[in-house]
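Colleague:
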Amino acid sequence: MTGLVVVSHSRALAEAAVSLAAEMLHGSEVRIAVAAGLDATTFGTDATAIVKAIEAADDGAGVVVLMDLGSAVLSAEMALDMVDPDVRERAVLCAAPLVEGLVVAAVAAAGGATPSEVAAEAVGSLAAKQGHVAAPPPGLSIVAELSAANGLSADTSNQTPTCTAIVKIANRHGLHARPAARLVQESRLFDARIELRNLDTGAGPVPATSLSRVATLGALCGHRVEVAATGSQAQEALNHVLALANRRFDEQDPTSAAAPQRSAGHRAHGTPMPASPGIAIGPAVSMRAADVEIPDEVPGDSPTEWRRVRAAIAEVRREIQRIRVAAAREGGEGEAAIFDAHLMLIDDTDLLDDVRARIAAGQAAPRAWIDAIASVEAEFAGVSDEYLRARALDVHAVGQQVARALTGAPAIRIEGEGVLIVDDLVPAQVADLDTSRVTGIVMAAGSPTSHSAILARSRAIPTVVAAGPAVLDVPPGTTVALDGTTGRVFVDPSEETLRELDAADQQARAKTALARAGAFSPAVTRDGVEVLVGANLGSVPDARAAADNGAELAGLVRTEFLYLGRHQPPTTEEQIEVYRSLADALGGERLTLRTLDIGGDKPLPYAPQPPEANPFLGMRGIRLALAQRDLLDDQLRAIVAVAYETPVSVMFPMVSTVDELADARHRLDLAIQLAGRGRPAGLQVGIMVEVPAAALKADAFAPHVDFFSVGTNDLTQYTVAAERGNPSVASLGDPLDPGVLHLIRAVCRAAEGRCLVAVCGELAADEAATPLLVALGVRELSVAPSSVAVVKQAVRQIDRAADAELVHRALTAAGPRDVRAILG
Amino acid sequence: MVDAEAIRSWLSLFAAEVARNRDLLTRLDAAIGDADHGANLDRGTSAAVSALAGDAALSPRTLLKTMGMTLVSSVGGASGPLYGSLFLRMAGSAGGADSLDAPAFAAALRAGLDGVVARGRAQAGDKTMYDALSPACDALDHAVAAGNDLGHALSLATAAADAGRNATIPMLARKGRASYLGERSVGHQDPGATSVALLISTAARALSGDVSQ
Ligand SMILES: Nc1ncnc2c1ncn2[C@@H]1O[C@H](COP(=O)(O)OP(=O)(O)O)[C@@H](O)[C@H]1O
Ligand SMILES: [Mg+2]
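As you go down the protein sequences, you meet chains A and B in turn. Whatever position you read off the first sequence (first residue = 1), add 497 for the working numbering. Whatever position you read off the second sequence (first residue = 1), add 11 for the working numbering.
Right under this line is the structure:
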């Protein structure tokens, strides 16, 4: 079990905090060690005492260290330097406030959470307190005030008064998995029994501590939910739930992402969407019958069977966490949050109670598990809301995952080889597919932005999603052809279609072959203008792929990959190491290192941010970096160190004012001064142009930069005021919108003769747009490693670099569709 | 050459100076902190002097390491891990050598500075120990590179540390407890920078003698 260490200047304070936390534990044994004060009365902290405390608290499962101020933090860091490396691996320093952090951490540890989970929950306690203390905004969602007094007077003989209140659900998609998960998480923190009833549908009451049960309320936007709390902390618990409801259960981004997209996928009837490019032709294979077969076994004694369940759950928990990290890296924290719901499901108290009861009644672990899961699945499938009903699929998949762990059944059994036709796949299933047998995927449901689609792309499996339920009726063995580039699916295609697809496939391959042949020559237009073609990198393997494809530089290194999915920032040394490996993998070509670009939509545990109503217009990019400049300063030090060895450009993200650039440059100068070796010879400085105001002020920025790099993805979303992740407005966000093109031209004009203009957004990889970008004055394109060779080839097709007429026609077009028509 | 004996006399001289200036350091910390820097450091350095007294046959590395570890576990305030890191890094830099020449000593002190930065993440102008220690290292490196003997180089470093200490007066604290005071920290000399100036001046006194001979 995760152990805890309390570091404080004052022994009395530490001991009192431990007593407070112990009250929440009701006798569960959590190891809490104290390293506080130089003795019982002398204030101070001692790194060697902290080392001993860490060793005492660690039973092999790791520890979380909570600290008060100043030297407590320095001494704790020092202690981590001094402990055994494997103990250090398992130890997490937690920035949570000491008292509430310790209380939350103790409860989480008692519940079997890992150190990183414990630390994350503890840090969350601050947000909870802030949310509570902040005055409720006007027009809030509580329709009835607390009626605790009524509850009391109604039955004065009752020793444990019930407090009730009604909240109106303001989340656009109701109390779906993520907000429900938050509610459950928070409800578990109190010594109170909290029950919920949906007053609009009559569903409930259900315990607020069970995710599976909360979901069955079917609470949609506008529904009134009665919250009733009993127990010693009833009032606190109730206040807490109300505050949470007010914050829409911490749902960061009420308009977008997973929920609506996935339900849209389920609704689709035959509007297939491309999800992973390429052509696949083969017999249809299905995996609908791939559920784990539960063997008839003679059960061992109940403790043994129960241990099997816990072990299988632990294994699946690790697996989900691994995927969660990958999802956060690719899609941001908001996307990854769905996995928190999966994690919570396998730790669901109601579910586990049910399993335990079945085992006590004499069932073997796999049977008990699968029956208990089936009843949860049935509850989900029975609710009226479509989105929640679709969650039955998640329950089923997670249930199968645990069942596999219990029985050792292979991940996915597919009979035969060919094109897999399925309802939907969870990411773990895509990750496990045997690509020598599955040549393509057609999903009845799903969405092109889902993690499963991202994984299919990264595994190069041609995929079409949202093909509609009819595809599920295709008999196994029928020939199926799919084009993952256009989203077309053919069942039993004619000879002619097959020939056509084959030809398209050949052509695509020939084009790639041609591009690859010229990958290592410069990209020069027919009239002799050279355009640099670089790669966008997010890992060292990316850099290798970029080098293989002929990248002439890294036009954008997304350094976030170093920072995400961990609980402490990377050290300067660690960064130097990674930047160096990137440069090595890239054969010493220039690295454009973008400084850490994060915001409230993907907060880092060690750089906590108060929740923002609209994180895309809030503290992010350089704004956040300058406000929390330790991270920036450490990073700049690493960048400068590497710049003495290899050509490096520093690029600041999301800059909107010249003052921000001046501040950022000042931090860079300090880092150079600190290095004490003068300015690195090849060091260049530039900014990302993502904010329309910055594009229009390019003239003012130009004297202070060596280059501009236009991030067309964000620039487009800010220019057309349409969020990328929101499917209902996503079609507005076309980077070929003439409004965006005008901004790119403004940047190129200001830069002319003074500095380089690059484009590093998705538009840079759009071969059709290459002539236009070059005509506007762009002289560097930075694209995904796999697109480098193709884009170079596109540059070579350009007859005239300065095509004024093309520019004129595009800039005066009415919309992106017309621009595309002009580009042909 | 700086041998074990020289290091030993430097460390005890530093301890003596800290004891003598204990009230001054605490008074400075009272203005912008929690009034304990003198008491903290004195507790640590006197514990270190007794720890060092035991064994006569210690190498420079062991002396510096013992000093560092003792400070880490007995100072109590932020200056514990900071001074601790300083001496531990110096010990690492000294390696197994029986004595250090001027460049080796300058390199060791710079390693100590790096340790302070790694631990406290302070920068120039944050109003901390760094603001005295960093110019001292610069001056020392410079003077040693120019061929000065260690004694002279350390006296130049002392002047740089004193100037650095004085320069903390107008600074706005951005690290440590003083940073909680914001604007109110302006106009006061930083206690940590003051103790660092003692560290360097005692080095100049203790380590100068034999180098010129
Ligand atoms: N992060 C830091 N980096 C460098 N020096 C620091 C830092 N924090 C505090 N100091 C130094 O420590 C001195 C205070 O030491 P002391 O009073 O012993 O510790 P505390 O602040 O914990 O009471 C400050 O005057 C300052 O010079
Ligand atoms: Mg103090």
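Note that CB positions come from ideal geometry on N, CA and C, so glycine has one too.
#1: At 7 Å on the CB atoms, spell out the chain A contacts of B:Ala225, in chain order.
#2: May I ask you to list the residues that DSSP assigns as paired with A:Arg1091?
#3: List in chain order the residues whose CB is within less than 6 Å of at least one heavy atom of ligand 2.
#4: Give me, in chain order, the residues of the same chain whose beta-carbon lies closer than 8 Å to that of A:Ala1104; leave out the 5 immediate sequence neighbours on both sides.
#5: Counting only Cβ pairs nearer than 7 Å, list the residues of chain A close to B:Pro92.
#6: How about B:Val83: is its C-beta nearer than 8 Å to some C-beta of chain A?
#7: Quick one: what's got a C-beta closer than 6 Å to B:Met78's C-beta in the same chain, skipping five residues either side?
#8: With a threshold of 7 Å, establish whether the CB of B:Asp201 neighbours any heavy atom of ligand 3.
#9: Taking the straight line between their C-alpha atoms, what separation do you get for A:Ala1301 and A:Ala1272?
#10: Verify the contact flag: B:Met140, CB atom, against every heavy atom of ligand 1, threshold strictly below 7 Å.
#11: At 4 residues or longer, and completely inside the region 678 to 747 of chain A: list those alpha helix (DSSP H) runs for me, N to C.
#12: Pull up the distance between the alpha-carbon of A:Asp1131 and that of A:Ala716, whole angstroms please.
#13: Measure the alpha-carbon distance for A:Asp921 versus A:Val1244 and round it to whole angstroms.
#14: Would you say A:Phe1198 reaches chain B, if we count a Cβ-Cβ gap shorter than 8 Å as a contact?
#15: Where A:Leu1090 and A:Phe1204 are concerned, what is the direct C-alpha to C-alpha distance, given to the nearest angstrom?
#16: With 8 Å as the threshold, decide whether the Cβ of B:Ser196 is near any Cβ in chain A.
#17: Let's see if you can read the secondary structure: which residues bound the alpha helix (DSSP H) around B:Met101?
#18: Is A:Met564 helix, strand or coil by DSSP?
#19: Measuring only the C-alpha atoms, how far is B:Ala105 from B:Ile211?
#20: A:Asp1024 and A:Arg1297 look like a contact to me (Cβ under 8 Å); what is the Cβ gap, rounded to whole Å?
#21: Would DSSP call A:Thr936 helix, strand or coil?
#22: Would you decide whether A:Asp652 is buried or exposed? Buried here means 16 or more other CB atoms lie within 10 Å of its CB.
#23: With a threshold of 8 Å, are at least 3 pairs of Cβ atoms found where one atom belongs to the region 694 to 702 of chain A and the other to the region 719 to 728 of chain A?
#24: Output yes if chain B places a C-beta closer than 8 Å to the C-beta of A:Thr539; else output no.
#25: Which value, in whole angstroms, describes the spacing of the CA atoms of A:Ala576 and A:Ser568?
#26: Could you tell me the distance, in whole angstroms, from the CA atom of B:Pro71 to the CA atom of B:Ala156?
#27: Curious, which full-length alpha helix (DSSP H) runs of at least 4 residues does the region 969 to 1017 of chain A contain?
#28: Within its chain, find whatever has a CB closer than 7 Å to the CB of A:Pro1019; leave out the 5 residues flanking it on each side and keep chain order.
#29: Going along chain B, which residues have a C-beta under 8 Å from A:Asp1160?
#30: Compute the Euclidean distance between the alpha carbons of B:Leu26 and B:Ala143, then round it to the nearest angstrom.
#31: Name the chain A residues whose beta carbon is nearer than 9 Å to that of B:Ser57?
#32: Let me confirm a value: A:Pro973 is counted as buried when at least 16 other C-beta atoms fall within 10 Å, else exposed. Which label applies?
#33: Given a threshold of 16 other Cβ atoms within 10 Å of its Cβ, counted over all protein chains shown, does A:Leu501 qualify as buried or as exposed?
#34: My output table needs one value for A:Asn1046: the three-state DSSP class, helix, strand or coil.
#35: Starting from A:Thr960, trace the beta strand (DSSP E) in both directions and tell me its first and last residue.
#36: Would you tell me roughly how many angstroms separate the C-alpha atoms of B:Thr73 and A:Ala554, rounded to the nearest one?
Modeller: Based on what the coordinates show:
#1: No statement about residue 225 of chain B is possible, as the shown extent of chain B runs from 12 to 224 and does not include it.
#2: A:Arg1055 and A:Met1148
#3: Selection output, chain order preserved: B:Asp40, B:Gly44, B:Asp45, B:Asp47, B:His48, B:Gly88 and B:Arg188.
#4: Pro1066, Ile1095, Leu1121, Gln1125 and Leu1128
#5: Near B:Pro92 (Cβ distances below 7 Å), the residues of chain A are Ala544, Ser568, Leu571, Ser572 and Met575.
#6: Interface residue, yes.
#7: Leu22, Ala59 and Phe98
#8: This structure lacks ligand 3; its bound ligands are ligand 1 and ligand 2.
#9: 7 Å
#10: yes
#11: 708 to 712 and 731 to 743, all fully within the region 678 to 747 of chain A.
#12: 46 Å
#13: 44 Å
#14: So, not an interface residue.
#15: 13 Å
#16: Not closer than 8 Å to any Cβ of chain A, the Cβ of B:Ser196 fails to qualify, so no.
#17: Ser90 to Ala105
#18: strand
#19: Going by C-alpha positions, B:Ala105 is about 17 Å away from B:Ile211.
#20: 6 Å
#21: strand
#22: At A:Asp652, the pLDDT of 36 sits below 50, so the modelled position is not reliable; the number obtained from the coordinates is stated separately. Classification of A:Asp652: exposed, given that the 10 Å Cβ count is below 16.
#23: Taking one beta carbon from each stretch, the region 694 to 702 of chain A and the region 719 to 728 of chain A have 3 or more pairs nearer than 8 Å; the two touch.
#24: yes
#25: Note on geometry: alpha-carbon atoms of A:Ala576 and A:Ser568 lie some 12 Å from one another.
#26: Cα-Cα distance, rounded: 23 Å.
#27: For secondary structure counted as the alpha helix (DSSP H) over 4 or more consecutive residues, the region 969 to 1017 of chain A holds these complete runs in sequence order: 992 to 1014.
#28: Contacts found: Glu1027.
#29: Under the 8 Å cutoff, chain B gives no residues; its nearest Cβ is about 14 Å from A:Asp1160.
#30: One detail in the question is off: residue 26 of chain B reads as Ala in this sequence, not Leu. About 18 Å.
#31: Result: empty, since nearest Cβ-Cβ is about 14 Å, beyond 9 Å.
#32: exposed
#33: Label assigned to A:Leu501: buried.
#34: coil
#35: Residues Thr960 to Val962.
#36: 30 Å
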